[in-house]
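*Asks:* The structure that follows is given in the form of structure tokens.
In the working numbering, the protein residues as written are 75 to 267.
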């Protein structure tokens, strides 16, 4: 519980600092980032890229069954789970945009975060787009299944990729933690007079 409060405080400080800087009410003084921050960014980037790639691959093998949406509870739960995950990932992608806009302008660590996010932005957008099309298919807006099924991957249900989706979402929590550590360690906010 104390760790969650500390994380919340660090994230709040980082967000407040970035808002103040973006509004022009403060200037920044950059402190060189320690080497362990660079290693942390590189480790996070490798992990994020891997989880995103695996989630995209697994999502491509999901076959949604629209016809049984009204006859059994399982597909309805699958549809609700898809909507929930899609909403979460859309919100998390806002964090990516925020970090892209602020981080790269500060230090080498920020530039590394920015580079990693820009390399993975297309994949994230593709996953969100495929999820949106799947939602439209399930609610009857589009008539055909939107995701191309890979011949090499076994067809599966959305429930089967829950661990991949959870691991991808965890990467955003890790990014928030990394970002708050980086930002509070790398920037001193001074009021502009």
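Note that beta-carbon positions come from the ideal geometry of N, C-alpha and C, so glycine has one too. Bear in mind that the values here come from a model prediction, so they are computed numbers and not experimental data.
1) Using C-beta distances below 6 Å, list every residue in its chain close to residue 249, excluding the 5 sequence neighbours before and after it, in chain order.
2) If the criterion is Cβ atoms closer than 8 Å, does the pair residue 209 and residue 150 meet it?
3) One question on the structure: do residue 128 and residue 238 come within less than 8 Å of each other, judged by their Cβ atoms?
4) Please report the straight-line C-alpha distance between residue 106 and residue 186, rounded to a whole angstrom.
5) What does the alpha-carbon distance come out to for the pair residue 189 and residue 214?
6) Spell out the partners DSSP gives residue 196 in its beta bridges.
7) Return the chain-ordered list of same chain residues with a C-beta closer than 8 Å to the C-beta of residue 173, the five sequence neighbours on each side being excluded.
8) Take the Cβ of residue 171 as the centre, count every other Cβ of all protein chains shown within 10 Å, and call the residue buried at 16 or more, exposed below.
9) Pull the bridge partners of residue 230 from the DSSP assignment, please.
10) Check whether the Cβ atoms of residue 245 and residue 135 lie closer than 8 Å to each other.
11) Within 10 angstroms of the Cβ of residue 115, are there 16 or more other Cβ atoms? Answer buried if so, exposed if not.
12) Would you call the CB atoms of residue 126 and residue 194 closer than 8 Å?
13) Assuming residue 229 and residue 137 make a contact with CB atoms under 8 Å, what is their CB distance in whole Å?
14) Would you mind stating whether residue 207 and residue 167 have Cβ atoms separated by less than 8 Å?
15) Check whether the Cβ atoms of residue 200 and residue 130 lie closer than 8 Å to each other.
*Replies:* Straight from the coordinates:
1) If we look at residue 249 and ignore the five residues flanking it on each side, it has no Cβ neighbours.
2) Between residue 209 and residue 150, the C-beta gap is not smaller than 8 Å, which leaves the two residues out of contact.
3) Taking 8 Å as the Cβ cut-off, residue 128 and residue 238 qualify as a contacting pair.
4) Low per-residue confidence applies at residue 106: pLDDT is 48, beneath 50, and the placement is therefore not dependable, though the value from the model is reported in the following sentence. Between the C-alpha atoms of residue 106 and residue 186 there is a straight-line separation of about 14 Å.
5) In this structure, the CA atom of residue 189 is about 39 Å from the CA atom of residue 214.
6) Residue 196 is bridged by DSSP to nothing; it lacks a bridge partner.
7) Around residue 173: 187, 188, 191, 249, 253.
8) Exposed: under 16 other Cβ atoms inside 10 Å.
9) Bridge partners of residue 230: 136.
10) It is not a contact, given that the beta carbons lie outside the stated cut-off.
11) It counts as buried.
12) Yes, these two residues count as a Cβ contact at 8 Å.
13) Correct: roughly 5 Å between the Cβ atoms.
14) The answer is no: Cβ separation not under 8 Å.
15) Judged by their CB atoms, residue 200 and residue 130 are nearer to each other than the 8 Å cut-off.
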